[in-house]
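**Student:**
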Amino acid sequence: MTRLTNEQLKRKKEEILNQKAKDREDIDFNQISESIEENMKILTEHLDPEFFSNLTSDFFRNIYDIWFRPKFVGFKNMPTRNNPQRPLIFAGNHSGMAFPWDALTLSMGVNKPQGFCDGGLRFLVSPMLSYSSFMSPFQIDNLWRRGGGIDATFENFETLMYQDKFDVIIYPEGVPGIGKGYNKRYQLQEFKTSFIRMSVKYRTEIYLISTVNGEYIDPFAYSSKWVNRMMNYVGIPFMALGPITLLLLLQPWAFYIAFPAQLTYVMGKPIRPFDWINKPYEDISQEEFKEMAKKIRDLAQVELDDAVKKHGKKPYDFVGFFKAIFKNIRKFPSIFPTSWPILFTEFERRYKNGERNIKMKTGGLNILYYLFRNPITIAFFIPILGWIPLIIRGFKNSALKDVDKEKRVIK
Numbered sequence: 005m006t007r008l009t010n011e012q013l014k015r016k017k018e019e020i021l022n023q024k025a026k027d028r029e030d031i032d033f034n035q036i037s038e039s040i041e042e043n044m045k046i047l048t049e050h051l052d053p054e055f056f057s058n059l060t061s062d063f064f065r066n067i068y069d070i071w072f073r074p075k076f077v078g079f080k081n082m083p084t085r086n087n088p089q090r091p092l093i094f095a096g097n098h099s100g101m102a103f104p105w106d107a108l109t110l111s112m113g114v115n116k117p118q119g120f121c122d123g124g125l126r127f128l129v130s131p132m133l134s135y136s137s138f139m140s141p142f143q144i145d146n147l148w149r150r151g152g153g154i155d156a157t158f159e160n161f162e163t164l165m166y167q168d169k170f171d172v173i174i175y176p177e178g179v180p181g182i183g184k185g186y187n188k189r190y191q192l193q194e195f196k197t198s199f200i201r202m203s204v205k206y207r208t209e210i211y212l213i214s215t216v217n218g219e220y221i222d223p224f225a226y227s228s229k230w231v232n233r234m235m236n237y238v239g240i241p242f243m244a245l246g247p248i249t250l251l252l253l254l255q256p257w258a259f260y261i262a263f264p265a266q267l268t269y270v271m272g273k274p275i276r277p278f279d280w281i282n283k284p285y286e287d288i289s290q291e292e293f294k295e296m297a298k299k300i301r302d303l304a305q306v307e308l309d310d311a312v313k314k315h316g317k318k319p320y321d322f323v324g325f326f327k328a329i330f331k332n333i334r335k336f337p338s339i340f341p342t343s344w345p346i347l348f349t350e351f352e353r354r355y356k357n358g359e360r361n362i363k364m365k366t367g368g369l370n371i372l373y374y375l376f377r378n379p380i381t382i383a384f385f386i387p388i389l390g391w392i393p394l395i396i397r398g399f400k401n402s403a404l405k406d407v408d409k410e411k412r413v414i415k
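Numbering (my numbering), first residue to last: 5 to 415.
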């Protein structure tokens, strides 16, 4: 066998490396581009701007204005894109083990002025929220996706980077950020690296959004890994264990309970991770991305701690809350959580029947009328036994069995 000289070995090695680089380039640009083009359907296949615009112009507007009374700090002038062809990436935190009313409220505050169309934010949400009927408010069909949510997979995230009509928001702690418990409410969990990868690859800035007082939606709720694993089998990412746990058996509607926390959102400063490293995207290792994720998490922790100091002293602002209640006493009892399952269900019935510009009457007798007009809502108020029809309906409408488990969580 002929022995190759050092020069020949060097050339051979260069040929192999060049071929590998070419192969990688083909995969990164040609094949992925085809995949992204095919995946563009995610932008519109479930989106229903008219649905969310109707919802937030009717009874949920009262919940938003009177119950949560959100404050937006630094949102008056939304950030301008540093790269006009690519969306900005916003990254938020969860602070409590509550149903994600904080995300729904943020979406309404940012997207309502845009009519839930171009120019707003699209949320990357845990696929479990979309595929599990239990994780949609009062089992309303596909609410998160209809409202603009997109399943948080890496392919979907990259697809979003190829449009410039709206910006993107992600919760980089993932489900562990929701299920960390009251004792860790403002301790940011490990950040996923996907949003940093997208920022570096497409040279677009990241803005942190600090959410304050979310833990008071369901206060003093704690987490159990064993209980959470059990809940995962039925499509629920976690179970809050706290003062309202017993109430869940007696009143099933309490699964979606929300105390009147004054949710506060604080816009952070731009972060440019693409300036932190001077090598091609394809050559950046996973360890390097993890280091950048840790650095951004540390920056986010500083901003979050500062936001809590400034805006977390009066989580309920009872003076402002009762003023809002008395000012809108004629809207009683629609603004209280006991009425929400009835109102959500009646709204969905009307919308599916083709009604638009919905304006529901929300007096006590009207609420009672809606209750019996939608018999399933009665189950929300029946102790213990009420769970049976709700669970049956939840499993019937869930699509978890059709989901590839490897694609449920974004990395």
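For glycine and all other residues, C-beta sits at the position ideal for the given N, C-alpha and C.
Remember, predicted model here, so these are calculated numbers, not experimental data.
Check the DSSP bridge columns for Phe127 and list the partner residues they point to.
**Tutor:** For the purposes of this step, residue 127 is taken as residue 123 along the sequence shown, with counting starting at 1. Bridge partners of Phe127: Ile173.
**Student:** Can you say whether Asp171 is buried or exposed, counting buried as having 16 or more other CB atoms within 10 angstroms of its CB?
**Tutor:** In the sequence shown, the residue the question calls residue 171 occupies position 167. Result: buried.
**Student:** Hey, would you say the C-beta of Ile281 is under 7 Å away from at least one heavy atom of the ligand MN?
**Tutor:** Among the components of this structure there are no ligands whatsoever, and the ligand MN is therefore not found.
**Student:** DSSP state of Ile386, grouped into three classes?
**Tutor:** On the sequence shown, position 382 is the one that residue 386 refers to. Correct three-state label for Ile386: coil.
**Student:** Specify whether the region 132-152 and the region 95-111 touch according to this definition: at least 3 beta carbon pairs, one from each stretch, less than 8 Å apart.
**Tutor:** yes
**Student:** With distances taken from CA atoms, which of Lys273, Tyr237, Asp310 and Met44 is nearest Met82?
**Tutor:** As a position in the sequence shown, residue 82 is number 78, starting the count at 1. That would be Lys273, whose Cα lies nearest to the Cα of Met82.
**Student:** Please list the terminal residues of the continuous alpha helix (DSSP H) segment that includes Tyr206.
**Tutor:** Locating residue 206 in the sequence shown gives position 202, where the first residue counts as 1. Going by DSSP, Tyr206 is part of the alpha helix (DSSP H) stretching over Ser198 to Tyr206.
**Student:** Buried or exposed for Asn160, going by 16 or more other Cβ atoms inside 10 Å?
**Tutor:** Position 156 of the sequence shown, counted from the first residue, corresponds to residue 160. Classification of Asn160: buried, given that the 10 Å Cβ count is 16 or more.
**Student:** Measure how close the beta-carbons of Arg90 and Asp168 come, nearest whole angstrom, since I'm counting them as under 8 Å.
**Tutor:** Here residue 90 refers to the residue found at position 86 of the sequence shown. Here residue 168 refers to the residue found at position 164 of the sequence shown. Correct: roughly 7 Å between the Cβ atoms.
**Student:** Answer with buried or exposed for Phe322, where buried requires no fewer than 16 other C-beta atoms within 10 angstroms of its C-beta.
**Tutor:** Your numbering for residue 322 matches position 318 in the sequence shown. Per the 10 Å Cβ criterion, exposed.
**Student:** Please return the same chain residues whose Cβ sits closer than 7 Å to the Cβ of Tyr285, not counting the five positions on each side in sequence.
**Tutor:** On the sequence shown, position 281 is the one that residue 285 refers to. Val204 and Lys205.
**Student:** Measure the beta-carbon distance from Arg360 to Asn58 and round it to whole angstroms, keeping in mind my assumption that it falls under 8 Å.
**Tutor:** Numbered from 1 along the sequence shown, position 356 holds the residue referred to as residue 360. Numbered from 1 along the sequence shown, position 54 holds the residue referred to as residue 58. At roughly 6 Å, the Cβ-Cβ gap stays under 8 Å, so Arg360 and Asn58 are in contact.
**Student:** Is it a yes or a no for the region 173-193 touching the region 234-246, going by three-plus beta-carbon pairs under 8 Å?
**Tutor:** Touching, yes, given that three or more Cβ pairs across the two stretches are closer than 8 Å.
**Student:** By a C-beta neighbour count over all protein chains shown, 10 Å radius and 16 as the cutoff for buried, is Pro74 buried or exposed?
**Tutor:** The residue given as residue 74 occupies position 70 in the sequence shown. Under this definition Pro74 is a buried residue.
**Student:** Using the Cβ count rule (16 or more neighbours within 10 Å means buried), how would you classify Gly390?
**Tutor:** For this step, residue 390 is matched to residue 386 along the sequence shown. Buried, since its Cβ has 16 or more Cβ neighbours within 10 Å.
**Student:** Would you list, in sequence order, the uninterrupted alpha helix (DSSP H) runs of no fewer than 4 residues that lie entirely inside the region 24-108?
**Tutor:** 36-43, 53-61 and 63-66
**Student:** What's the gap between the Cα of Pro131 and the Cα of Ser140?
**Tutor:** Along the sequence shown, read from residue 1 onward, the residue named residue 131 stands at position 127. Along the sequence shown, read from residue 1 onward, the residue named residue 140 stands at position 136. Between Pro131 and Ser140, the C-alpha separation is close to 12 Å.
**Student:** Any Cβ of chain C within less than 8 Å of the Cβ of Gln266?
**Tutor:** Here there is only one protein chain, and chain C is not present.
**Student:** Following the continuous beta strand (DSSP E) through Lys452, name the residue where it begins and the one where it ends.
**Tutor:** Residue 452 lies beyond the residue range present for the chain, which begins at 5 and ends at 415; the question has no answer from this structure.
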